[in-house]
Amino acid sequence: IPYGRAHSNPPITGEPEWATPRTRELMVRACFGCHSNEVEYPAYASVAPISWVVEAHVAEGREKVNYSEFDSRQRGADETIEVIQEGSMPPAYYTQFGRHPEAKLTTAEIAELIAGLKATPGLSER
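The opening position of the sequence shown corresponds to residue 36 in this note's numbering, with each subsequent residue numbered one higher.
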């Protein structure tokens, strides 16, 4: 049973001015799976009931902060560094059982990402 409609990615209307290309690369790997309009839906995301869960997580993630619509106010953007530092993002269920291995950053990558986010203009001010 499919989700009921095709998954879609709305247009990208604006991104933060990332401090470095590497900062964006790490954000894409760890965060864009739910917090962007560049979601790459896996095959299982088209089969219910998993599709319902995937769609709900993406909708919730985009609602909290969407890095593809940064031209408008993103209320959760100022929490980005905090949730990465405390380890609550990406959530454990996202990388469990070998899913999304690219999102599991090393300690060094997390430190690099946090430094890049701190240097990204406007991220914590929004």
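Where is the CB? At the ideal position from N, CA and C, for every residue including glycine.
Quantities reported herein were computed from a predicted structural model and do not represent experimental measurements.
In this structure, the alpha-carbon of V74 lies about 11 Å from that of V89. Going by beta carbons, V100 and A112 fall inside the 7 Å limit.
Linking I85 to P77 through their CA atoms gives a straight-line distance of about 11 Å.
Contact annotation: R64 and E121 have beta-carbon atoms that are not nearer than 7 Å. Counting along the chain, E95 sits inside the alpha helix (DSSP H) bounded by residues 85-99. For G122, the three-state secondary structure derived from DSSP is coil.
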